[in-house]
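Chemist: Here the numbering used here is used: the first residue of the sequence shown is 275, the next is one more, and so on. Idealized CB from N, CA, C, for every residue including glycine. Mind looking over this structure? Questions follow.
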Amino acid sequence: MAKSKTSSFITEIPWVVDSKQQKELLSRFQAARQLYNACLNEAMARMNLVRNSEAFQQAKQINREAKKKRIDAFSAARRSYRYSDYDIQAYATIVSNRSKWIAQLLDSNTQQVLATRAFRASEKVMLGRAKKVRYKVPSRFRSVEGKTNKQGIRWKNHQLVWGKLILTPDIEHQNPVIQHGLNHPVKYVRLLWRELNGKQRWYVQLINEGQPYQKEKNYVADGVIGLDINISNIAFVGDNKAGLLPFADQVPTYESEIKALQRQMQRSQRANNQENYEADFSGQVGRKIVVKKGKVKSGKRQWKKSKTYQKLARKKRELERRKSAYAKSQNRRIVNEILRHGNQIKTENISVKAWQKRYGKAISAKSPGFVQSELARKAVNAGGQFIKFSTSRTALSQTHLTGERIKKKLSERVHYDQTGVVMHRDLFSAYLSRYINNDEDNLLLHLAQSEWERLEPILMQAWKDFQINCEQLGARL
C-alpha cells in the first residue's frame, strides 16, 4: 500500500525507557538491522545482474526520445532478474520466516518497510545518484518506522504500540507544537534513538497529515525576494526590506576543544596499536633534527580502541552535535526572517557541492545548502515559488545598471557602478535578482533602473546594519 501523498509534518516526542524496555528495543533494532543488511545485499546482487545483462545494455542504446519504448525495455530487464520493490519485500519475508527470531521480533509491515528502504538504496546506485551503499553497524542503525498507523508500529491512545511492547512517551501538554501534532491524524510512526552527551535517548516521531504548527511571528508574506547566497552570508532584497545576514551567526565552533580531543585520541591509538604504524624517524626542520611520527601502514588493519579512546570519541561527537544544532537553529532564524518579506524567491543556481570541494570546513560550519533547501521547502509550502536562474547567462556580480558587464575579483566586496552608485556586492546582486525574467533567464534592466531610486535607501540601511554587526562581533571576539 503506497503512502499518502498529502502534505505532512513531523511531531517528535521524547520518552525515558527503563532497563527492560531498553533491552527489548535494542533486540528489535538488532533484528531490523540484520534484515536490512540481508535485503540490501540481495538487492545489490540483483541490481548488478540487471546492470550487466544484455537486455539492460540494449535498453541503454534506445533513443531517449522514444520514452515509452525505453522505459518498457528497462522494466523488462528488471523483471527478468526480479529486481523490484515487491520482489525484495518477498525476499524479506522469506529471510524472516527462515530465521524465526526475526519474525518473532518484527511484524510484517516493518519487514516490508525495511525491504523498501534497502531497495531504494540500491536503486540510487543503479540510477547514478549514489556511488555505493552502506551496510549498517549497530551504532549507525538508528531508526525503524511503520507502514501505516493501523498495524505494526502505531500510535494509539497517546502511546506507542509495537506488538506486545507498549511505551508511554513524556508528553508536554503545555507545548503548542506537541498539541498541534496530537490533534492531527497520524499517517505512520517512526521510532529512533540519538546519542546525547554519551547516552542513548529515545524518541517517537509522528508523521502527521496536514500543515505544521507556525508561530505568529514566523508568518510568510506575499512578495518578490531577490537572493544572493555566498559562502558565509546571504543577501536578500524584498519590496520594502533588505538585509545581509551571516550564516550561523555567533555559533560556538569548539575548534580548540575538538583539536585537543583529536590529539589525545591520536596518542591513544598509537599507544594501543603500535604494530599498525611505521617506525618513527629523524628529520631535519631548518637547522634542528626532530623525531617524526611514523605513518599508518598501508592495507587493512585491526584497531584496538581503549576505553579512554571511546570516551574521548564520545566527547568529540557531542561537541560536533552541539555545533551542528546551534548552526541549524541560527540558520532557521535567517529563513524565517527572509520569508516575512516575500514568498516568490529568485536566486542563482549555485552548486554547494562544488563549494564543499573547495572550501571544506567553512561550508560545513555555515551550511548554506541547508538554508537554501529550507527556503525552497517553506516558500513552496506557503504557496510561493523558489526560482533558480543561470549564473553564466545573467552574471549579476559583473552587471552594471548601464547593462555593461565588467569582471571583478572575488575579494572585491564593494560594487562601483558606472552610474556612480556604490553598494555592497552581494546586496547589489540580490537587488538585480528581483528583475530576472523567469522564462528566459535574462535581466529586465529597465525595471532595475526605474526601481533603484526607491530601494536605494533600504539597501544602504542593510549595508550599514551589516557593518555594525561585524564591528560588534569583532569586539566580542
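Relative to the C-alpha of K569, which residue among K579, D554, K581 and R561 is closest?
Modeler: It is D554 whose Cα lies nearest to the Cα of K569.
Chemist: In its own chain, which residues sit with a C-beta less than 6 Å from the C-beta of Q524, not counting the 5 before and 5 after it?
Modeler: Hits under 6 Å: none found.
Chemist: Just curious, the beta strand (DSSP E) that E622 is in, first and last residue?
Modeler: Its beta strand (DSSP E) spans residues Q618 to E622.
Chemist: Using 8 Å as the threshold, is the segment 528-542 in touch with the segment 730-748, meaning 3 or more CB pairs across them?
Modeler: Counting Cβ pairs under 8 Å, fewer than three are found: no touch.
Chemist: Where are the alpha helix (DSSP H) runs, 4 residues long or more, that stay fully inside the segment 428-472, in chain order?
Modeler: Here the runs fully enclosed are 450-456.
Chemist: According to DSSP, simplified to helix, strand and coil, what is A529?
Modeler: For the record, residue 529 in the displayed sequence is Glu; it is not Ala. In the structure shown, E529 sits in a helix (DSSP, three-state: H, G or I).
Chemist: Are there 16 or more other CB atoms within 10 angstroms of the CB of W752, so buried, or fewer, so exposed?
Modeler: The question about residue 752 has no answer here: the residues shown for the chain are numbered 275 through 751.
Chemist: Write down the C-beta distance between T668 and D715 rounded to the nearest angstrom, noting that I regard them as a contact closer than 8 Å.
Modeler: Sure, about 6 Å apart at Cβ, within 8 Å.
Chemist: Determine the closest residue to N457 out of Q474, I481, W436 and D444, with distance taken between C-alpha atoms.
Modeler: When only C-alpha atoms are compared, the closest one is I481.
Chemist: Output needed for M318: all residues of its chain with C-beta closer than 7 Å, excluding positions within five of it in sequence on either side, in chain order.
Modeler: S396 and V407.
Chemist: Can the beta-carbon of Q604 be found less than 8 Å from the beta-carbon of A722?
Modeler: Against a cut-off of 8 Å, the Cβ pair of A722 and Q604 comes out as no contact.
Chemist: Is there contact here, the segment 381-401 with the segment 365-373, by at least three beta-carbon pairs under 8 Å?
Modeler: Result yes; three or more Cβ-Cβ pairs closer than 8 Å.
Chemist: Our contact map puts K597 next to P526 with C-beta atoms below 8 Å; I'd like the distance itself, whole angstroms only.
Modeler: With 8 Å as the limit, K597 and P526 qualify as a contact, their Cβ atoms being about 7 Å apart.
Chemist: Nearest to H454 by CA position, among K567, D444, L466 and Q485, is which residue?
Modeler: The shortest Cα separation from H454 among K567, D444, L466 and Q485 belongs to Q485.
Chemist: Can you give me the C-alpha to C-alpha distance between N617 and V498, rounded to a whole angstrom?
Modeler: Distance between the alpha carbons of N617 and V498: 6 Å.
Chemist: Helix, strand or coil for G500 per DSSP?
Modeler: Note: G500 maps to strand in three-state DSSP.
Chemist: On the three-state DSSP scale, how would you describe M486?
Modeler: First, the amino acid is wrong: residue 486 is Pro here, not Met. Three-state result, P486: coil.
Chemist: Label Q584 either buried or exposed according to how many other C-beta atoms from any shown protein chain fall within 10 Å of its C-beta, with 16 as the threshold for buried.
Modeler: With fewer than 16 Cβ atoms within 10 Å of its Cβ, Q584 is classed as exposed.
Chemist: Per the DSSP calculation, V696 is bridged to which residue(s)?
Modeler: V696 is bridged to Y690.
Chemist: Might you give, ordered along the chain, the residues of its own chain that have their beta carbon closer than 8 Å to the beta carbon of R699, omitting 5 neighbours on each side?
Modeler: Counting only Cβ-Cβ distances below 8 Å, and skipping sequence neighbours, we find S671, K682, E686, R687, V688 and H689.
Chemist: For W737 versus L701, is the C-beta spacing smaller than 8 Å?
Modeler: Closer than 8 Å, so yes.
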